[in-house]
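25 is the number that numbering that gives the first Met the number 0 gives to position 26 of the sequence shown; each next residue is one higher, with no gaps. Note that beta-carbon positions come from the ideal geometry of N, C-alpha and C, so glycine has one too. As the structure is a prediction and not an experimental result, all values here were calculated from the model. These notes are about the structure you will find just below.
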Amino acid sequence: MAAPTNIAGFLPAMAAARPDAPAIVFPHGRDAHGKVAYTHYTYAQLDAESDAIARGLAAIGVGRGVRAALMVRPSLEFFALTFGLFKAGVVPVMIDPGIGLKALKTCLAEAAPEAFIGIPAAHVARLVLGWARSSLKIHVTVGRRLFWGGHTLAQVKARGRQSDAPAMAPTEADELAAILFTSGSTGVPKGVAYQHRHFVAQVELIRDAYDIRPGEIDLPTFPLFALFDPALGMTTIVPDMDATRPAQVDPARIFEAIRDFGVTNMFGSPALLNTVGRAGEAQGIELPSLRRVISAGAPVTAAVQARFLGMLPAGARIHTPYGATEALPVATVASDELLTEAVRAATDAGAGVLVGRPLPVNDVRIIRIVDGAIEAWTDDLPVPDGTIGEITVVGPTVTESYDHRPASTALAKIRHGEAIRHRMGDVGYLDAEGRLWFCGRMAHRVETPAGTLFSVPCESIFNTHPGVYRTALVGVQRGGVVAPALCVEREPGGTQSEAELRAGLLAIGARHEQTREIKEVHFHPGFPVDIRHNAKIRREALAVWAQGRG
Numbered sequence: 000m001a002a003p004t005n006i007a008g009f010l011p012a013m014a015a016a017r018p019d020a021p022a023i024v025f026p027h028g029r030d031a032h033g034k035v036a037y038t039h040y041t042y043a044q045l046d047a048e049s050d051a052i053a054r055g056l057a058a059i060g061v062g063r064g065v066r067a068a069l070m071v072r073p074s075l076e077f078f079a080l081t082f083g084l085f086k087a088g089v090v091p092v093m094i095d096p097g098i099g100l101k102a103l104k105t106c107l108a109e110a111a112p113e114a115f116i117g118i119p120a121a122h123v124a125r126l127v128l129g130w131a132r133s134s135l136k137i138h139v140t141v142g143r144r145l146f147w148g149g150h151t152l153a154q155v156k157a158r159g160r161q162s163d164a165p166a167m168a169p170t171e172a173d174e175l176a177a178i179l180f181t182s183g184s185t186g187v188p189k190g191v192a193y194q195h196r197h198f199v200a201q202v203e204l205i206r207d208a209y210d211i212r213p214g215e216i217d218l219p220t221f222p223l224f225a226l227f228d229p230a231l232g233m234t235t236i237v238p239d240m241d242a243t244r245p246a247q248v249d250p251a252r253i254f255e256a257i258r259d260f261g262v263t264n265m266f267g268s269p270a271l272l273n274t275v276g277r278a279g280e281a282q283g284i285e286l287p288s289l290r291r292v293i294s295a296g297a298p299v300t301a302a303v304q305a306r307f308l309g310m311l312p313a314g315a316r317i318h319t320p321y322g323a324t325e326a327l328p329v330a331t332v333a334s335d336e337l338l339t340e341a342v343r344a345a346t347d348a349g350a351g352v353l354v355g356r357p358l359p360v361n362d363v364r365i366i367r368i369v370d371g372a373i374e375a376w377t378d379d380l381p382v383p384d385g386t387i388g389e390i391t392v393v394g395p396t397v398t399e400s401y402d403h404r405p406a407s408t409a410l411a412k413i414r415h416g417e418a419i420r421h422r423m424g425d426v427g428y429l430d431a432e433g434r435l436w437f438c439g440r441m442a443h444r445v446e447t448p449a450g451t452l453f454s455v456p457c458e459s460i461f462n463t464h465p466g467v468y469r470t471a472l473v474g475v476q477r478g479g480v481v482a483p484a485l486c487v488e489r490e491p492g493g494t495q496s497e498a499e500l501r502a503g504l505l506a507i508g509a510r511h512e513q514t515r516e517i518k519e520v521h522f523h524p525g526f527p528v529d530i531r532h533n534a535k536i537r538r539e540a541l542a543v544w545a546q547g548r549g
């Protein structure tokens with residue numbers, strides 16, 4: 000059977016093959032003994048609910064090609080709604096509310112959705128703050144509808160159940176499928192235009208890269224990643240946590256879910272793995288069912304991986320795919336390679352972070368650093384292996400444009416024959432074995448009179464100090480020139496004074512050519528990070544902070 004051209008097309012096939020298997024299991028309060036209670040949809044139920052939603056939405060005018068802002072908390076309704084939107088050919092507009100009210104209003108104005116599907120609080124905010132006022136025509140409330148009118152999700156489902164129209168719209172592979180906004184960690188979030196073929200390719204690449212089999216049990220701690228599970232035949236166990244604060248997760252709730260359901264696969268950001276791994280190490284926790292962990296959002300340090308692996312059975316791996324909202328996955332590396340003595344030594348000496356081998360379908364090339372737009376590919380762009388440059392990729396998951404952002408599209412895309420090559424905005428290099436090494440964001444390089452410093456290689460050198468949790472390299476203005484400064488977040492429980500720790504860090508830096516000119520060290524109580532994964536360091540904010548401390 001040919002693969003679907005719409006990601007929602009995987010669901011009916013799974014419902015036919017495994018109708019009574021749980022598809023989505025969701026926490027639903029706790030009993031008198033503090034034990035979490037769960038509710039769930041089977042594959043058949045999820046398929047039927049999303050069918051009803053798809054037909055009902057089409058009946059009220061939210062059909063193929065219509066853009067719909069979706070602002071619903073993780074819930075059974077969220078998953079049914081998302082698959083219903085894809086089935087109907089509606090274009091969901093996905094924006095992380097944590098980006099801030101001003102940015103959220105800007106993003107909604109750009110996306111210009113015609114429909115707004117949200118919980119009551121989202122509708123109140125929409126009205127009070129004037130979100131997408133000029134474009135919105137249809138409103139659907141998930142929950143109790145108040146004074147704003149429109150339809151409730153219950154009404155939409157009821158209309159859908161009365162309809163005999165096809166639930167699945169005849170969408171095409173190149174048709175716009177969704178607008179997914181970036182995290183905005185290096186600026187205002189941008190809406191990435193996904194076509195249906197991009198989602199289908201992601202399902203196939205993730206399945207093949209990690210050998211995921213139907214019947215596995217997944218614990219996705221970032222809700223959007225759970226949307227791939229039904230297409231992959233995995234049961235989703237939604238953890239009892241605030242998905243917007245992964246670094247502050249209660250590890251006991253993660254351990255509980257893994258044990259209760261025999262979780263075999265887990266997705267977690269580096270910040271979550273750090274928090275849960277520290278607790279597991281302290282408590283001597285063992286998680287014998289968990290054999291595969293996938294982590295993305297930022298590099299996962301060797302220390303965090305080793306600590307987390309200490310809870311897992313022999314042969315379990317942590318996989319860290321490399322990519323971005325615009326192209327995912329690009330490359331991947333497993334913990335058994337990342338934690339080898341040779342790779343760890345190279346990272347500690349400033350070689351950058353190994354992010355693995357590009358997936359076979361991806362054409363990854365490193366080009367010389369160019370801050371402006373590159374309209375078309377030329378043969379003088381690539382740099383030799385081992386030379387740091389910008390990472391670029393052509394492949395089946397590479398998106399072609401940003402929504403209503405032609406200038407951003409021009410800066411990020413290169414026409415390469417018949418293909419579109421995406422500029423990752425990251426710097427790195429390919430080694431002699433064809434492995435990709437990550438050296439940080441291009442925008443985070445520090446240009447000094449003595450030369451260019453790249454963030455991740457420099458930081459990795461200083462991160463070897465046992466009193467350091469993480470560091471961030473920034474540029475500050477001193478005497479009319481740019482000087483490098485190191486911001487430091489200390490390891491919890493450290494006993495060294497700031498003066499002792501500073502002296503130790505400067506001594507480490509002096510032993511390496513690329514860090515010798517770093518003379519300024521500032522201690523920060525807790526780095527600002529992105530909302531989505533709590534892992535990407537907001538170096539722009541740290542640079543402003545460090546500037547005032549000189």
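Beta bridge pairing from DSSP links residue 224 with no other residue. Per DSSP, the beta-bridge partners of residue 331 are 320 and 356. Per DSSP, residue 79 lies in no beta strand (DSSP E); the unbroken alpha helix (DSSP H) holding it starts and ends at 75-87.
DSSP places residue 189 in no beta strand (DSSP E); its state is neither H nor E. Going by DSSP, residue 381 is part of no alpha helix (DSSP H) at all; its letter is neither H nor E.
Closest by C-alpha distance to residue 127, out of 110, 113, 150 and 101, is 101. For residue 195, the enclosing alpha helix (DSSP H) stretches over residues 195-209. No residue range can be given for residue 464, since it is assigned to no alpha helix (DSSP H) and is classified by DSSP as neither H nor E.
Going by DSSP, residue 436 is part of the beta strand (DSSP E) stretching over 435-440.
Between the segment 372-387 and the segment 355-362 there are fewer than three inter-stretch CB-CB distances shorter than 8 Å, so the stretches are not counted as touching.
Nearest to residue 438 by C-alpha distance, out of 298, 327 and 182, is 298. Apart from the 5 residues on each side of it in sequence, residue 324 sits with its Cβ closer than 7 Å to the Cβ of 179, 181 and 191 in its chain, given in chain order. In terms of Cβ geometry, residue 160 and residue 151 do not form a close pair [threshold 8 Å]. When the five nearest sequence neighbours on each side are left out, the beta carbons in the same chain lying within less than 8 Å of the beta carbon of residue 176 are those of 5, 6, 85, 90, 170, 193, 194, 195, 197 and 198, in order along the chain. Residue 146 counts as exposed, since fewer than 16 other C-beta atoms from the protein chains shown sit within 10 angstroms of its C-beta.
Taking 8 Å as the cut-off, the Cβ atoms of residue 508 and residue 501 do not count as close. Inclusion of residue 421 and residue 397 in the CB contact set at 8 Å is warranted, their separation being smaller than that value.
Look at the beta carbons and you see the segment 361-374 touching the segment 383-392: at least three pairs across the two are nearer than 8 Å.
Taking the CA atoms as reference points, residue 419 sits about 21 Å from residue 188. Here residue 431 has 384 and 385 as same chain residues with Cβ atoms under 8 Å from its own Cβ, once five neighbours each way along the sequence are excluded. In the assembly as shown, residue 459 is a buried residue. Its beta-carbon has 16 or more other beta-carbons within 10 Å. For residue 41, the enclosing beta strand (DSSP E) covers residues 35-41. The alpha carbon of residue 335 has as its nearest neighbour, out of 349, 55 and 319, the alpha carbon of 319. Per DSSP, residue 265 lies in no alpha helix (DSSP H) segment; the continuous beta strand (DSSP E) that holds it begins and ends at 264-266.
Taking 8 Å as the cut-off, the Cβ atoms of residue 349 and residue 511 count as close.
When DSSP states are grouped into helix, strand and coil, residue 276 belongs to the helix group. Contact annotation: the segment 34-45 touches the segment 11-18, with at least three C-beta pairs closer than 8 Å. The three-state secondary structure of residue 215, taken from DSSP, is coil. Nearest neighbour of residue 317 by Cα position, chosen from 300, 138, 329 and 327, turns out to be 300. Contact between residue 112 and residue 532 does not hold, since the beta-carbon distance rounds to 25 Å and is not under 8 Å.
In terms of Cβ geometry, residue 470 and residue 485 form a close pair [threshold 8 Å].
Counting only the Cα atoms, residue 408 lies some 35 Å from residue 477.
If one requires a minimum length of 4 residues, the alpha helix (DSSP H) runs lying completely within the segment 135-193 are 152-161, in chain order. Per DSSP, the unbroken beta strand (DSSP E) holding residue 117 starts and ends at 114-117. Membership of residue 538 in the alpha helix (DSSP H) is indicated by the continuous run 538-546.
Residue burial is scored here from C-beta neighbours: residue 210 has fewer than 16 other C-beta atoms within 10 angstroms and is therefore classed as exposed.
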